[in-house]
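Just below is one structure, and these are the notes that go with it.
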Amino acid sequence: MDTRTTPLTRDITLSVNGTDHAIRVDTRMTLLDALRDKLGLTGSKKGCDQGQCGACTIHVEGERHLACLTLTVAVEGLHITTVEGLAEGESLHPMQQAFIDHDAFQCGYCTSGQIMSAIACVREGHAGSDEDIREYMSGNLCRCAAYPNIVAAVNQAKNEMERG
Ligand code: FES
Ligand code: FES
Numbered sequence: 001m002d003t004r005t006t007p008l009t010r011d012i013t014l015s016v017n018g019t020d021h022a023i024r025v026d027t028r029m030t031l032l033d034a035l036r037d038k039l040g041l042t043g044s045k046k047g048c049d050q051g052q053c054g055a056c057t058i059h060v061e062g063e064r065h066l067a068c069l070t071l072t073v074a075v076e077g078l079h080i081t082t083v084e085g086l087a088e089g090e091s092l093h094p095m096q097q098a099f100i101d102h103d104a105f106q107c108g109y110c111t112s113g114q115i116m117s118a119i120a121c122v123r124e125g126h127a128g129s130d131e132d133i134r135e136y137m138s139g140n141l142c143r144c145a146a147y148p149n150i151v152a153a154v155n156q157a158k159n160e161m162e163r164g
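With UniProt numbering as the guide, the letters of the sequence shown map in order to residues 1 to 164.
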């Protein structure tokens, strides 16, 4: 580890997918860059890097956030979940399985963000109808226009998540 510190660096502990990581970060570093470049968790994608596409969506304390607009130092001590933390061993999260079952992607670049947003959407109670799903998933863009399949996937997973 680089032992030099500057007024712009801080040593922090980041809790990601149930594991604590001691890292040194520039105080201006976004959570997206920290996840990808410091921790090697590249499932969260950088599409626009300015809050407009949703490709970087992750969960902080179970709620969806845009990692490209979140400062790493601001989430120290909070529980962060990325797409890498959804599966339990060989068992995919119901939302991951539903995206496969409904062919809800083409290139896949938006998919991790779609899945993280979709899980939060169901938990928020915003997946009551196709119209609601489209509205509350509208921050997640898909250049491949897989939208009808994504709505179908959310509906399937919602039923499984609600059955618990
Ligand atoms: S990369 Fe974060 S919203 Fe586009
Ligand atoms: S699957 Fe290609 S951008 Fe959504």
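From the three backbone atoms N, C-alpha and C, an ideal C-beta is built for every residue, glycine too.
Could you tell me whether any non-hydrogen atom of ligand 2 is closer than 7 Å to the CB of Cys-56? no
Ordered along the chain, which non-local residues of its own chain (more than five positions away) have a Cβ less than 6 Å from that of His-102? Asn-149, Ala-152, Ala-153
Considering only heavy atoms of ligand 2, does any lie closer than 7 Å to the CB of Phe-99? no
With hydrogens ignored, establish whether the beta-carbon of Ala-118 is closer than 7 Å to any heavy atom of ligand 2. no
Buried or exposed: which applies to Gln-96, given that a residue is buried once 16 or more other Cβ atoms fall within 10 Å of its Cβ? buried
First and last residue of the uninterrupted alpha helix (DSSP H) at Thr-111: 111-123
Check whether the Cβ of Cys-48 sits closer than 7 Å to any heavy atom of ligand 2, and report yes or no. no
Gly-108 Cβ short of 7 Å to ligand 1 heavy atom set: no
Whole angstroms are fine: how far does the CA of Leu-39 sit from the CA of Leu-78? 16 Å
Taking DSSP as the reference, what is the three-state secondary structure of Thr-72? helix
What separation, rounded to the nearest whole angstrom, lies between the Cα atoms of Glu-135 and Arg-10? 39 Å
Taking the straight line between their C-alpha atoms, what separation do you get for Tyr-147 and Asn-159? 19 Å
Backbone secondary structure at Ala-104 - three-state DSSP: coil
Cut-off 7 Å between Cβ atoms - residues of its own chain near Met-116, not counting five sequence neighbours on either side: Thr-57, Ile-58, His-59, Arg-64, Val-83
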